[in-house]
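Have a look at the structure below, then the notes.
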Amino acid sequence: MVMTGFQSCCGPLMGRLFGHSTIDVLSAPPALPLGPGGSWVPAYSAAKVHDAVRETCVLYGAVSAVQLVSIYLAGSGFRRVSEGLTRRVRIETFSAIMRQEMAYFDLRTCGQLTDRLAHEAAMIKSFTGESFGGVVRVLVTIVVAMCLALLESWQLTATLILIMPFMMVGQIFKMRSLKKKDESRAGPVVSEVVGNIKTVAAFSLQDRMLKWYKDVLRKEFMEDKRQCTVTAIMEGYNSFVTYMLYGSVMLVASCYIDFFHLDPQSVLQVFFTLVFSLGGISQGITQWQGDKAKGAHALKRIFNTLDRTPRIDAYDEGGLRLEKVEGAIGFSHVHFSYPSQPHVKVFVDFDLAIEAGKRVAFVGPSGSGKSTTIRLLQRFYDPAAGCVTFDGHDIRSLNLQWLRSVMSLVQQEPVLFAGSVLDNIKYGREGATDDDAIAAAKDANAHDFITKFEDQYQTSVGERGAQLSGGQKQRVAIARCMVRRPRVLLLDEATSALDTESERVVQEALDALLDKEQRTTLVIAHRLSTVQSCDAICVVYQGRVVEKGTHQELMRIPGGQYKQLAARQQL
Numbered sequence: 001m002v003m004t005g006f007q008s009c010c011g012p013l014m015g016r017l018f019g020h021s022t023i024d025v026l027s028a029p030p031a032l033p034l035g036p037g038g039s040w041v042p043a044y045s046a047a048k049v050h051d052a053v054r055e056t057c058v059l060y061g062a063v064s065a066v067q068l069v070s071i072y073l074a075g076s077g078f079r080r081v082s083e084g085l086t087r088r089v090r091i092e093t094f095s096a097i098m099r100q101e102m103a104y105f106d107l108r109t110c111g112q113l114t115d116r117l118a119h120e121a122a123m124i125k126s127f128t129g130e131s132f133g134g135v136v137r138v139l140v141t142i143v144v145a146m147c148l149a150l151l152e153s154w155q156l157t158a159t160l161i162l163i164m165p166f167m168m169v170g171q172i173f174k175m176r177s178l179k180k181k182d183e184s185r186a187g188p189v190v191s192e193v194v195g196n197i198k199t200v201a202a203f204s205l206q207d208r209m210l211k212w213y214k215d216v217l218r219k220e221f222m223e224d225k226r227q228c229t230v231t232a233i234m235e236g237y238n239s240f241v242t243y244m245l246y247g248s249v250m251l252v253a254s255c256y257i258d259f260f261h262l263d264p265q266s267v268l269q270v271f272f273t274l275v276f277s278l279g280g281i282s283q284g285i286t287q288w289q290g291d292k293a294k295g296a297h298a299l300k301r302i303f304n305t306l307d308r309t310p311r312i313d314a315y316d317e318g319g320l321r322l323e324k325v326e327g328a329i330g331f332s333h334v335h336f337s338y339p340s341q342p343h344v345k346v347f348v349d350f351d352l353a354i355e356a357g358k359r360v361a362f363v364g365p366s367g368s369g370k371s372t373t374i375r376l377l378q379r380f381y382d383p384a385a386g387c388v389t390f391d392g393h394d395i396r397s398l399n400l401q402w403l404r405s406v407m408s409l410v411q412q413e414p415v416l417f418a419g420s421v422l423d424n425i426k427y428g429r430e431g432a433t434d435d436d437a438i439a440a441a442k443d444a445n446a447h448d449f450i451t452k453f454e455d456q457y458q459t460s461v462g463e464r465g466a467q468l469s470g471g472q473k474q475r476v477a478i479a480r481c482m483v484r485r486p487r488v489l490l491l492d493e494a495t496s497a498l499d500t501e502s503e504r505v506v507q508e509a510l511d512a513l514l515d516k517e518q519r520t521t522l523v524i525a526h527r528l529s530t531v532q533s534c535d536a537i538c539v540v541y542q543g544r545v546v547e548k549g550t551h552q553e554l555m556r557i558p559g560g561q562y563k564q565l566a567a568r569q570q571l
């Protein structure tokens, strides 16, 4: 801030020096009259002029040196502050996004959230760095310029102060036009398309995606076109008013000279001081207003994210942590609808009790609510009515991170992160060692194929595991689950997306894990052949458990839902 103050003083001082050098030094009269009717006395002295020029040049050099140092220190200082602020905003925003419940992500696209971090955080930097320094510079420049001008002629300076607000009209209209900018952006479109490029290519959607992108750009173009028109008009107005101000100074100054006997040298000193200051003032205000208007949109959305209180806080440290975990699960008269589709009833009086250590399967038609049981159990969502219990406790009374730490989920489409195989397995548990990861890979029947890679456990899996086959990704995902040593294992159609051979290998790995240690296991499946050995099979239909029992018991129910499913699959 101090360096910005020095930088701001240089403009008015340079104007004053310019006025001094042109008026007092270079424009000194060769002779002065001596008395009303007397003779003229020589006033020009080459030696004095040379001395004055050298002195003025030294002052110019000193002011320039101060300008050089102050601009460097002020600019670099504001940049460091803005970079630090941007980094903190990005970290806080990412942390706030991570703590939100699943309903928050259901209503937003991945592209919108990534754009918030990549683009909008940078907008904040644009008006908290050099642009903010420009505002400070403008304020100090105005104060210094006015003080210097008032010392020369307070009457002329006061008159100019009344004229100068007309220059701000254009800036105000320009700022209001920027506030009306449409919030739509093409960035999220690109993120969505590139992130799903395989699907786009598979369905030959390139032309349709390009049309979508063009439509978004067209909307932004129309907004920018309107803003460009307003900006051009206002900048023209500003230039017009600025030059009219110069003419007004001369007109007002001539009146003061005629009627108030104002010294012409004072008029030029005021004029040069203000002229040298106005350029920096106009530039600083223009840059600040433009950056501020753009950054206001980013700030609004970012602070909406930061201030949003999630219904289910992933970082909440409150709640019970059970010392002994059995793994008993209960659904008591649960009613539930997804927040993104509140009118669609997924569960209607869903009631079920699962004993600890049992292997329970959920089967039924698509959309009946099988996967919803897992999402409610992991507390991705809370039921609208009823409750979900874990070892006799309502899961809403348990510590959320602890609850999820005793569970592991294997999904139909496993999600791997860019990095090595070893890193992906160790993601399963904080503090897991390399030996823990290798042991889990062996349990998941993944060690053999991993060691055949050239880099073995350091092999990169690629983005979303693209370098591995479906069966390999699934076994790595199982190893990641098992390194966690969960008390509850959740299998959401873990083998349904695999070919027959891969399904057999993965199923053998799962069966070996389930036989090795007794744990509560929930299995979501479409293929009934994979769940026949479960302790209990629950048939979910229209949001309720309509049948429950072993495979043999369910097959003995005449016209039962399970029996009909088995007949369709030729069991």
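Going by the UniProt record's numbering, 505 is the number at position 505 of the sequence shown; the sequence numbering is gapless. Don't be surprised by glycine CBs; every beta carbon is placed ideally from N, CA and C. Keep in mind the model is a prediction, meaning the values are calculated, not measured.
Best match in the options for proximity to residue i [C-alpha to C-alpha]
| i | options | result |
| --- | --- | --- |
| F362 | V138, A356, Y541 and M102 | Y541 |
| L522 | V348, Q552, V410 and R429 | V410 |
| F303 | S397, R88, E355 and L403 | R88 |
| L528 | V270, A566, K473 and R556 | A566 |
| I395 | L139, L85, R375 and G559 | R375 |
| L306 | R544, K563 and F94 | F94 |
| T389 | L322, G357, I329 and L139 | I329 |
| I524 | C538, Q518 and D455 | C538 |
| L377 | S332, Q112, G431 and V69 | S332 |
| M482 | Q518, Q456, K452 and L468 | Q518 |
| Y213 | V267, V194 and R308 | V194 |
Buried versus exposed call for residue i [16 or more other C-beta atoms within 10 Å across all chains shown]
| i | result |
| --- | --- |
| R568 | exposed |
| G367 | exposed |
| K180 | Because the pLDDT at K180 is just 49, under 50, the model does not fix this residue reliably, and the point stays unresolved. |
| E183 | Below a pLDDT of 50, predicted positions are generally treated as unreliable, and E183, at 49, falls in that range; the measurement from the model is reported next regardless. With fewer than 16 Cβ atoms within 10 Å of its Cβ, E183 is classed as exposed. |
| M146 | buried |
| M407 | buried |
| V189 | buried |
| R556 | exposed |
| S397 | exposed |
| A232 | exposed |
| R208 | exposed |
| I197 | exposed |
| E55 | exposed |
| L554 | buried |
| Q472 | buried |
| H551 | buried |
Simplified DSSP state of residue i, which is helix, strand or coil
| i | result |
| --- | --- |
| H551 | helix |
| F303 | helix |
| H261 | coil |
| R464 | helix |
| V540 | strand |
| I312 | coil |
| D436 | helix |
| I374 | helix |
| C255 | helix |
| E183 | With a pLDDT of 49 at E183, under the threshold of 50, the modelled position of this residue cannot be trusted; read the value that follows with caution. Coil at E183, not helix or strand. |
| V360 | strand |
| V415 | coil |
| T109 | coil |
| F94 | helix |
| S64 | helix |
| C387 | strand |
| L322 | coil |
| F350 | strand |
| F336 | strand |
| F331 | strand |
| S420 | strand |
Rounded Cβ spacing between residue i and residue j (contact assumed at less than 8 angstroms)
| i | j | result |
| --- | --- | --- |
| L490 | H393 | Actually they do not touch by this definition, with Cβ atoms about 18 angstroms apart. |
| H335 | G369 | That belief does not hold up - the Cβ atoms of H335 and G369 are roughly 11 angstroms apart, past 8 angstroms. |
| S412 | E493 | It should be pointed out that residue 412 corresponds to Gln in this sequence rather than to Ser. Confirmed, about 4 angstroms. |
| R484 | R429 | 5 angstroms |
| T109 | G357 | Not quite, the Cβ-Cβ distance comes to about 41 angstroms (not below 8 angstroms), so this is no contact. |
| I425 | R480 | 5 angstroms |
| R90 | L73 | Not quite, the Cβ-Cβ distance comes to about 26 angstroms (not below 8 angstroms), so this is no contact. |
Discussion item. Under 8 angstroms: do the stretch 456 to 470 and the stretch 416 to 424 share three or more Cβ pairs, one atom per stretch?
Written reply: Here the stretch 456 to 470 makes contact with the stretch 416 to 424; the two share three or more CB pairs at distances below 8 angstroms.
Item to complete: Inspect the CB distances between the stretch 96 to 103 and the stretch 58 to 75 and report whether three or more fall short of 8 angstroms.
Response: The answer is no - the stretch 58 to 75 does not touch the stretch 96 to 103, with fewer than three Cβ pairs under 8 angstroms.
Fill in: Segment contact flag, the stretch 248 to 259 with the stretch 147 to 163, C-beta cutoff 8 angstroms, min 3 pairs
They touch, by the three-pair rule.
Discussion item. So, does the stretch 433 to 446 touch the stretch 468 to 483, judging by three or more C-beta pairs under 8 angstroms?
Written reply: With a cut-off of 8 angstroms on Cβ pairs, the stretch 433 to 446 is in contact with the stretch 468 to 483, counting three or more such pairs.
Worksheet item: Counting pairs of beta carbons, one from the stretch 398 to 405 and one from the stretch 334 to 352, are three or more of them closer than 8 angstroms?
Response: Flag = no, the stretch 398 to 405 and the stretch 334 to 352 do not touch.
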